[in-house]
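In my numbering, the protein residues as written are 6 to 385.
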């Protein structure tokens, strides 16, 4: 056997190349309804956020760290959302969470996120209590959408100014906080314009025959009928109102933004206006829509996808400014955001409410079986 000089000593091992270290990542949670009735928006929201995370990572991530999106299905259920939040925080070690879309679900999650000091950004959660409880701001909870008082004011001012309405009637679901409060905000704002409420009727969740209530409205003949309910109830109410001979205008809130309202309401919903958070015709988001369609073969189901992207843009900016993964530092950085260009417009936070300031609403109209962009609307 030949020996070679410079050989290794018995027991020595030649060192090979070191294994490359896994790059550091920033884990961000996404709590979203991927199954159930809300999944039409949730699936699209999930697709959009994954697409945007990929884009951010291709551009260098957050100070060189890649974003890892941790997504769980809430089923739009408060109990499941709490379990999801616990899992994200305790097992996945996320630094922040995007979600949820539903106000009640988001509020439930704060019972977990606030004690853990994990920033939570609601996407389409419009109830004021998401970020403010008993007059005090929740320190780590924010949103990227407008709130219901603003939405009610937009609807009222649009009715008075753009539609020329002097009188209005309101039909709402007493079993829904969203519907009840939005009805009240509209009434208060409409009366401030000098308008008169000639009818106010409430039904219980699950009721589908509103003709007795709508008959009273027909006699009062309001210029506009405000119906701040989910799409099924709104569609049925409009059909029944037209059957009774009502010829005035219909107006609703952001819950109308589902194709179901057109399918269920048919010709009765034609011409109806509603307030929304986003529109496919908004010129500011056309590049995103084209990218989404190229990737997934269809348009995104708005508004949830663009709101989730706004939340991600806010988080990326805040984490960069904080220079830390500490929840308190990230929350403070979010509070200090001013004129940040997000997807749907510029974002400035009110530190006293954690709501975005002066974010415009979208007015849409149902026309020829489609949702038509009318305008971006800022209250006076």
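Glycine included, C-beta positions come from ideal geometry on N, C-alpha and C. Since the structure is predicted, the reported quantities are computational estimates derived from the model, not experimental observations.
Original post:
By how many angstroms is the C-alpha of residue 181 removed from the C-alpha of residue 260?
Top reply: 12 Å
**OP:** Pick helix, strand or coil for residue 177, following the three-state DSSP scheme.
**Re:** strand
**OP:** May I ask you to verify whether the stretch 105-120 touches the stretch 71-81, counting CB pairs closer than 8 Å and requiring at least 3?
**Re:** yes
**OP:** Would you check if the stretch 137-157 and the stretch 190-208 touch, i.e. whether three or more CB-CB distances between them fall below 8 Å?
**Re:** yes
Subject >> Per-residue burial, residue 216 [other beta carbons within 10 Å of its own, 16 or more giving buried] >> reply: exposed
Original post:
Pick from 359, 57, 254: whose alpha carbon is nearest that of residue 446?
Top reply: This structure leaves residue 446 out entirely; the chain is present only between 6 and 385.
**OP:** Could you pull the start and end residues of the beta strand (DSSP E) that residue 81 belongs to?
**Re:** Run containing residue 81: none; DSSP gives neither H nor E here.
Original post:
Which runs of the alpha helix (DSSP H) spanning at least 4 residues fall entirely within the stretch 140-173, listed in chain order?
Top reply: 153-162
Original post:
Using DSSP with H/G/I as helix, E/B as strand and the rest coil, what is residue 260?
Top reply: helix
Original post:
Can residue 282 and residue 318 be called in contact, C-beta distance under 8 Å?
Top reply: no
Subject >> Same chain only: Cβ atoms within 7 Å of residue 133, ignoring 5 sequence neighbours per side >> reply: 152, 153, 154
Original post:
Which residues does DSSP pair with residue 346 in a beta bridge?
Top reply: 351
**OP:** Output the boundary residues of the beta strand (DSSP E) element that contains residue 281.
**Re:** 278-281
**OP:** Check whether the Cβ atoms of residue 223 and residue 249 sit closer than 8 Å, and answer yes or no.
**Re:** yes
**OP:** Please report how far the alpha carbon of residue 231 lies from the alpha carbon of residue 339, in whole angstroms.
**Re:** 35 Å
**OP:** Just mark residue 16 as buried or exposed, buried being the case when its beta carbon has 16 or more other beta carbons within 10 Å.
**Re:** Residue placement at residue 16 is poorly supported in this model, since its pLDDT is 45, which falls under 50; the coordinates still yield a value, given next. Exposed is the call here.
Original post:
Does the Cβ of residue 82 lie closer than 7 Å to at least one heavy atom of the ligand ADP?
Top reply: The ligand ADP is absent from the structure shown, which contains no ligands of any kind.
Original post:
Whose C-beta lies closer than 7 Å to the C-beta of residue 135 among residues of the same chain, with five residues either side of it excluded?
Top reply: 108, 111, 112, 127, 146, 148
Subject >> Continuous alpha helix (DSSP H) stretch holding residue 403: start and end >> reply: Nothing about residue 403 can be reported from this structure: the residues present for the chain run from 6 to 385 only.
Original post:
I think residue 53 touches residue 106, with their Cβ atoms under 8 Å apart; what is that distance to the nearest whole Å?
Top reply: Their Cβ separation, rounded to whole angstroms, is 12 Å, which puts residue 53 and residue 106 out of contact at 8 Å.
Subject >> Residues that residue 127 bridges to, as DSSP identifies them >> reply: 148
Original post:
Taking buried to mean at least 16 other C-beta atoms within 10 Å of its own C-beta, is residue 48 buried or exposed?
Top reply: buried
Subject >> Bounding residues of the beta strand (DSSP E) (the contiguous stretch that carries residue 230) >> reply: 229-231
**OP:** For my contact list, residue 384 and residue 96 are in at a C-beta cut-off of 8 Å; report their separation, rounded to the angstrom.
**Re:** With a Cβ gap of about 43 Å, residue 384 and residue 96 do not count as contacting.
**OP:** State the start and end residues of the unbroken alpha helix (DSSP H) segment that holds residue 335.
**Re:** 332-340
**OP:** Sort out for me which residues DSSP pairs residue 205 with in a bridge.
**Re:** 175
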